[in-house]
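Following: one structure in structure tokens, then a few remarks.
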Amino acid sequence: MVHQLVADGIVKSWDLRQLLTDCYMTCSTGEIVGLLGRNGCGKSTMLQIVFGTLESEQCRVKVDGQLYRKPYKARDLIAYLPQGNFVPRHLKVADLVKLFPVSAVNAAKFLSNPRISQIQDLRISELSGGQERFVEIMLILHSSAKFILLDEPFNALDPIIKEEVIAIIRSHTHQGIILTDHDYTNVLAVSTRIMLLNEGALKQIQDLKELEWYKYLPENTILG
Ligand SMILES: Nc1ncnc2c1ncn2[C@@H]1O[C@H](COP(=O)(O)OP(=O)(O)OP(=O)(O)O)[C@@H](O)[C@H]1O
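In the UniProt record's numbering, the protein residues as written are 1 to 224.
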């Protein structure tokens, strides 16, 4: 069964500046929605509002028509990888699956990943920045949630690991994924649909040339 998340009428201001002006975002399971936009345009803000941890002037988040006021509190609904590191640093990698909502099957999959199994007995504080980010991405992707929000998943990862993460994200077709990252080439590579947050409005990108028209990319970046 395909599930659909709709975040409707997102309005958010900081002080006198209206950052998000009536944005409408959808994501179905099986989709990977790439959210692009310039620095400071409000991508992280939008993801936190959809997750439910940041208050907004207005936003209705519905999944399959049911309204959720605090989506993050609903069981198996939505998981969020924040921009900064979030796992407790004193814990061992193998113990994380006991703390986060991960099913037994998914815990086994998480631990059987070759990169994870190599470091499973180490504490988070003993990992490199890239290893820590990889662990966090894998943990969130292996949650039981129907929808996954990923804020800068490729940050700190080297090219080979980025490729692996792209393959893992693509394989999670039972979930709906919304991701944002400054590494736009990887966002374009992994996404099945692209949205651009531009001057407070969310634009559906049909033709990648539009990313130049909205001045997100320099002219002639997209060939053809
Ligand atoms: N707690 C806050 N108080 C005031 N302004 C804030 C707060 N949090 C974020 N902002 C402002 O909201 C704007 C959007 O921030 P946000 O982090 O959502 O942007 P972003 O598109 O994710 O940026 P980046 O691509 O640089 O990560 C920024 O101008 C930021 O200064």
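Ideal Cβ positions, reconstructed from N, Cα and C, are used throughout, including at glycine.
Worksheet item: If you draw a straight line from the C-alpha of I194 to the C-alpha of V165, how long is it?
Response: Taking C-alpha positions only, I194 is separated from V165 by approximately 18 angstroms.
Discussion item. Distance check for L179 and L150, CA to CA, integer angstroms please.
Written reply: So the alpha carbons of these two residues sit roughly 5 angstroms apart.
Worksheet item: Per the contact definition of three or more C-beta pairs closer than 8 angstroms, is the segment 106 to 120 in contact with the segment 182 to 202?
Response: Here the segment 182 to 202 does not lie against the segment 106 to 120, with fewer than 3 beta-carbon pairs under 8 angstroms apart.
Fill in: Span of the beta strand (DSSP E), counted from its first residue to its last, around F147
If you look at F147, you'll find it in the beta strand (DSSP E) that goes 147 to 151.
Discussion item. If you follow the alpha helix (DSSP H) that Y68 is in, where does it begin and where does it stop?
Written reply: No alpha helix (DSSP H) holds Y68; the beta strand (DSSP E) holding it covers 66 to 68.
Practice prompt. Report whether the distance from the Cβ of R38 to the nearest heavy atom of ligand 1 is below 8 angstroms.
Written response: The answer is yes for R38.
Discussion item. Within 10 Å of its beta-carbon, does P88 have 16 or more other beta-carbons around it, so buried, or fewer, so exposed?
Written reply: Looking at its Cβ environment, which holds fewer than 16 other Cβ atoms inside 10 Å, P88 is exposed.
Worksheet item: In whole angstroms, what is the alpha-carbon distance linking A94 and L223?
Response: When rounded, the separation of the alpha-carbon atoms in A94 and L223 is 45 angstroms.
Item to complete: Just the C-alpha distance for T192 and L36, rounded to the nearest angstrom, thanks.
Response: When rounded, the distance between both Cα atoms is 13 angstroms.
Fill in: Rounded C-alpha distance that separates P101 from V135
The alpha-carbon atoms of P101 and V135 are separated by roughly 15 angstroms.
Item to complete: Give the C-beta separation of M46 and C27 to the nearest angstrom, bearing in mind that I take them to be a contact with Cβ-Cβ under 8 angstroms.
Response: Not really, about 12 angstroms apart at Cβ, beyond 8 angstroms.
Item to complete: Take V6 as the anchor and find which of N85, L211, Y216, M25 has the nearest alpha-carbon.
Response: For V6, the closest C-alpha among the options N85, L211, Y216, M25 is that of M25.
Discussion item. I'd like to confirm something about S185: is its beta-carbon nearer than 8 angstroms to some heavy atom of ligand 1, or not?
Written reply: According to the sequence displayed, residue 185 carries Thr and not Ser. Annotation for T185 indicates a beta carbon at 8 angstroms or more from all heavy atoms of ligand 1.
Discussion item. Taking its Cβ as the centre, do 16 or more other Cβ atoms sit within 10 Å of F110, making it buried, or is it exposed?
Written reply: Under this definition F110 is a buried residue.
Worksheet entry | Nearest candidate by alpha-carbon position, reference D76, set I205, D8, H142 | Nearest in C-alpha terms to D76, of all of I205, D8, H142, is H142.
Fill in: Classification of D181 by the beta-carbon crowding that lies within 10 angstroms, buried from 16 upward
D181 should be labelled buried.
Worksheet item: So which of N113, Q4, K146, D158 has the shortest CA-CA distance to S128?
Response: Checked all of N113, Q4, K146, D158; the closest Cα to S128 is D158.
Fill in: Assigned secondary structure, P130 (DSSP; H/G/I helix, E/B strand, else coil)
According to the sequence displayed, residue 130 carries Gly and not Pro. It is helical.
Discussion item. Using CA atoms only, rank isn't needed, just tell me which of R17, F147, L91 is closest to V50.
Written reply: Out of R17, F147, L91, F147 has the C-alpha closest to the C-alpha of V50.
Worksheet item: Between I137, A201, H3, which lies nearest to N85 when the distance is taken from Cα to Cα?
Response: Between N85 and the set I137, A201, H3, the nearest pair of CA atoms involves I137.
Discussion item. For a minimum of 4 consecutive residues, which ranges assigned as the alpha helix (DSSP H) are wholly contained in the segment 64 to 129?
Written reply: For the segment 64 to 129, whole alpha helix (DSSP H) runs of length 4 or above, ordered along the chain, are 96 to 99, 104 to 112, 114 to 119.
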